[in-house]
Amino acid sequence: MPEDPEANSLDDRDRIRELEERLQGFVEVASDWFWEMDANYRYTYVSVGIIEGRHENPKNMIGKTHDEVLGELACDPTQQQFLRRLKARDTIKEMYLCRNQSPGKRLWASVNAQPKFDANNNFVGYRGTAIDITEQVEAELALKAREAMWSGLLSISADAIVICNADQVITTFNQGACAMFGYEAEEVLGAPLEILMPERFRGDHKNHVHQFDKSAMASRLMAQRGIVYGIRKNAEEFPADASISKLSIEGETVYSVIIRDVTSRLSNQEQLLSAKEQAEYANRAKTEFLANMSHELRTPLNAILGFSQVLQLDMEDSFSPRQQSYIGSVLDSGEQLLNKINEILELSNLDAGNLVPEKTLISAKQICRSIIDIVLVRAKSRDIDIRYNVTQADVRFIADESMFRKMMLNLLTNAVKFTEDGGGVYVDWKVTATSFEIRVKDTGIGLSPEDIPKALSSFGQIDGKLNRQYEGSGLGLPLTKKLLELHGGHLEIFGQTGVGTTTILHFPLETLEVNPH
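Here it is, written out as structure tokens:
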């Protein structure tokens, strides 16, 4: 029976349609994009994949040239190069194209294209594919950025940075390492790390690295067992701080070692230690000298005072008024000198650590009142008013009574001494959130903030003219400060030239009989 041509034709068309549908299915699921252009470089076909997810319709590209589709984006250098190669009818293999998809977001594609020619070798257009390589390119760019940053850090670091593999073979040697060890990088790349350390340490280093490799630590200081030493190309050894870190890259262990030359630092430390020892020796010698001189001066001075006191007993009958005045001056001057010698001796004992407070429970109000009585005679002779609140509640605290009396006597004596006639001195105390304060305030000549540190130093003299006008050794405040520090307290001074000075004794709250906190 003869075949029906129409039936065969229908079968062929069905097969062709089936093949086209199958091909279209492959195109739609393929990761590549497919496109075609005519001889005028206008798109005649674009697969769905090329636009999918980019808010564009492939139908909008049909009939347009590539630069018409891109619009302003056609100015991108990679796009310009692509257009030139199309016009040249080149075969294009894996050419990277970039376009801005949105602000801050770029789309990268790898393009392949083949020019089409008819039977007469006339150019009829292009057929090509493309694949989205944005993630790959961004990963490569990020890697390059990290490598550039790492390279920059390596190049600018003054420390030596040495990287080696699991076999302790050097793979990276930065400029800091070149400067420190005296090698060019090419001389040590591929060499064992141990060439950078004295031979006597190499065996221990291998053991330590082996232990470190087995440990869970990611990094550690190499100087934990003592000073680390490096060795330069010229065989000169030097002390160093060093740390080692390990990192697993693609299953292989990489070690990075950071080394810092500490020659200058150790030298400075030795110089500082030597200077400290010399200063301590000089301070001890000064303390011993002051103590010895004080003892040597006290013996003849006590004799002078003793004879002066004997003469004073008989002076009304035996001496003229002028002679009696001389004897009184000798006695007053001798007593002042003895007080200064005692202060020097006490300061020496404080510096030597020979004084230990004998602490008992004492009354702030009672002792302050008794010290005020002592200086009151001199204050009244110059019409200086000393005030304190007689109704103020007493505070009992634990301290060395003798030392506390000395502190208050020094502060009140200074306040009266440096206050002009007709001025005032005020004493009060209170418990604050942080300490028990005893405050002495005067309306005297005052201290500038710059002069306060000098006033607190031993034998500190603020001003030569003032020192001659207001006699004194300058030991009162330093002694008070040191005595207070023996009790765990601290001294605070506020002053203003021409206005007055406020001095505050701060005792710890723990010294109070009843701690309010």
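Okay, so the sequence shown: first residue is 654 according to this note's numbering, each after it adds one.
Note that the Cβ used here is the ideal one computed from N, Cα and C, for glycine as well.
Remember, predicted model here, so these are calculated numbers, not experimental data.
What residues in its chain sit with their C-beta under 7 Å from that of residue i, if we drop five residues either side in the sequence?
| i | result |
| --- | --- |
| methionine 1061 | Ile1020, Cys1021 and Ile1024 |
| arginine 913 | Asp812, Ala893 and Asp894 |
| threonine 1133 | Met1060, Asn1063, Leu1064 and Leu1144 |
| glycine 1153 | Lys1094, Asp1095, Thr1096, Gly1097 and Gly1099 |
| arginine 695 | Gly716, Lys717 and Thr718 |
| threonine 731 | Tyr749, Leu750 and Cys751 |
| arginine 738 | Ile745 |
| leucine 919 | Pro892 |
Can you pull the DSSP bridge partners for residue i?
| i | result |
| --- | --- |
| tyrosine 1172 | Residue 1172 lies beyond the range of the chain shown here (654 to 1170); nothing can be said about it. |
| glycine 1097 | According to DSSP, which records beta bridges pairwise, glycine 1097 is partnered with nothing at all. |
| alanine 783 | Trp686 and Val764 |
| valine 815 | Phe826 and Val910 |
| glutamate 1090 | Lys1083 and His1159 |
| alanine 893 | Val881 and Asp914 |
| glycine 778 | Asp691 and Lys769 |
| lysine 899 | Tyr908 |
| tyrosine 934 | Its beta-bridge partners do not exist; DSSP assigns none. |
| proline 1131 | DSSP lists no partner for proline 1131. |
| glycine 856 | None; glycine 856 has no bridge partner. |
| glycine 1153 | Gln1149 |
| valine 1078 | Ile1039 and Asp1095 |
| threonine 718 | Arg695 |
| proline 845 | Val822 |
Would you kindly work out how many angstroms separate the C-alpha atoms of residue i and residue j, rounded to a whole number?
| i | j | result |
| --- | --- | --- |
| threonine 825 | arginine 853 | 24 Å |
| valine 1167 | alanine 811 | 59 Å |
| glutamate 793 | glutamine 733 | 23 Å |
| valine 680 | cysteine 728 | Summary for valine 680: the model assigns pLDDT 49, below 50, so the residue's position carries little reliability; its value from the coordinates is reported in the next sentence. Approximately 30 Å between the Cα atoms of the pair. |
| lysine 740 | leucine 796 | 35 Å |
| valine 1172 | threonine 1066 | Here the chain covers residues 654 to 1170 and nothing more, so residue 1172 does not appear. |
| lysine 886 | isoleucine 814 | 16 Å |
| cysteine 817 | leucine 926 | 38 Å |
| isoleucine 1039 | glutamate 1090 | 18 Å |
| glycine 1117 | methionine 1056 | Caution is warranted here: a pLDDT of 48 is assigned to glycine 1117, below 50, making its placement in the model unreliable, and no coordinate value can be reported. |
| isoleucine 902 | isoleucine 745 | 36 Å |
| phenylalanine 1071 | arginine 1092 | 16 Å |
| threonine 916 | valine 881 | 11 Å |
| glutamate 839 | glutamine 828 | 12 Å |
| lysine 859 | aspartate 820 | 10 Å |
| proline 1010 | valine 862 | 55 Å |
| isoleucine 1105 | isoleucine 1157 | 13 Å |
| tyrosine 836 | alanine 830 | 8 Å |
| glutamate 1054 | tyrosine 1079 | 21 Å |
| aspartate 720 | alanine 772 | 29 Å |
| leucine 723 | leucine 736 | 11 Å |
| proline 953 | alanine 928 | 38 Å |
| arginine 1031 | isoleucine 994 | 22 Å |
| serine 1101 | threonine 1150 | 5 Å |
Over the uninterrupted beta strand (DSSP E) stretch that includes residue i, give me the two end residues.
| i | result |
| --- | --- |
| glycine 1148 | 1143-1149 |
Take residue i and list the residues in its own chain whose beta-carbon comes closer than 8 Å to its own, dropping the five residues that flank it on each side.
| i | result |
| --- | --- |
| serine 1088 | Gly1142, His1159, Phe1160, Pro1161 and Leu1162 |
| valine 822 | Gly843, Ala844, Pro845 and Leu846 |
| alanine 783 | Asp685, Trp686, Trp688, Ile703, Leu750, Ala762, Ser763, Val764 and Asn765 |
| glutamate 747 | Ser763, Val764 and Asn765 |
| isoleucine 786 | Tyr749, Trp761, Ala762 and Ser763 |
| valine 1084 | Val1048, Glu1090, Leu1162, Leu1165 and Pro1169 |
| glutamate 698 | The sequence given here places tyrosine at residue 698; glutamate does not occur at that position. Correct list, in chain order: Phe687, Trp688, Glu689 and Ile715. |
Between residue i and chain D, is there a C-beta pair that is closer than 7 Å?
| i | result |
| --- | --- |
| valine 862 | Included in the structure is just one protein chain, with no chain D present. |
Below 6 Å CB to CB, which residues in the same chain sit around residue i once its five sequence neighbours on both sides are set aside?
| i | result |
| --- | --- |
| arginine 1121 | Its pLDDT being 46, under 50, arginine 1121 is placed unreliably in this model, and the value from its coordinates should be taken loosely. Excluding residues within five positions, none has a Cβ falling inside 6 Å. |
| lysine 1018 | Asp1047 |
| methionine 833 | Ala813 and Asp914 |
| leucine 958 | Gly987 |
| glycine 778 | Met690, Asp691, Ala692 and Lys769 |
| valine 983 | Ser961 |
| threonine 1155 | Lys1094 and Phe1147 |
| aspartate 1074 | Arg1035 and Asp1036 |
| asparagine 775 | none |
| serine 868 | none |
Is residue i near the ligand GTP, judged by its Cβ being under 6 Å from some heavy atom?
| i | result |
| --- | --- |
| threonine 1087 | Absence of the ligand GTP is noted for the structure shown, with no ligands found whatsoever. |
Can you tell me where the alpha helix (DSSP H) holding residue i begins and where it ends?
| i | result |
| --- | --- |
| glutamate 996 | 974-1005 |
| threonine 1164 | Threonine 1164 -> no alpha helix (DSSP H), and no H or E assigned at all. |
| valine 915 | Segment: none, valine 915 is in no alpha helix (DSSP H) and carries neither H nor E. |
| alanine 838 | 838-841 |
| threonine 697 | Threonine 697 -> not in any alpha helix (DSSP H); beta strand (DSSP E) instead, spanning 696-699. |
| alanine 640 | The structure shown does not extend to residue 640, since the chain spans only 654 to 1170, so no value can be given for it. |
| leucine 739 | 730-740 |
| aspartate 820 | Aspartate 820 -> no alpha helix (DSSP H), and no H or E assigned at all. |
3 or more residues per run - each beta strand (DSSP E) lying fully within the region 1012-1070
Within the region 1012-1070, the complete beta strand (DSSP E) runs of at least 3 residues are 1012-1016, 1038-1041 and 1049-1053.
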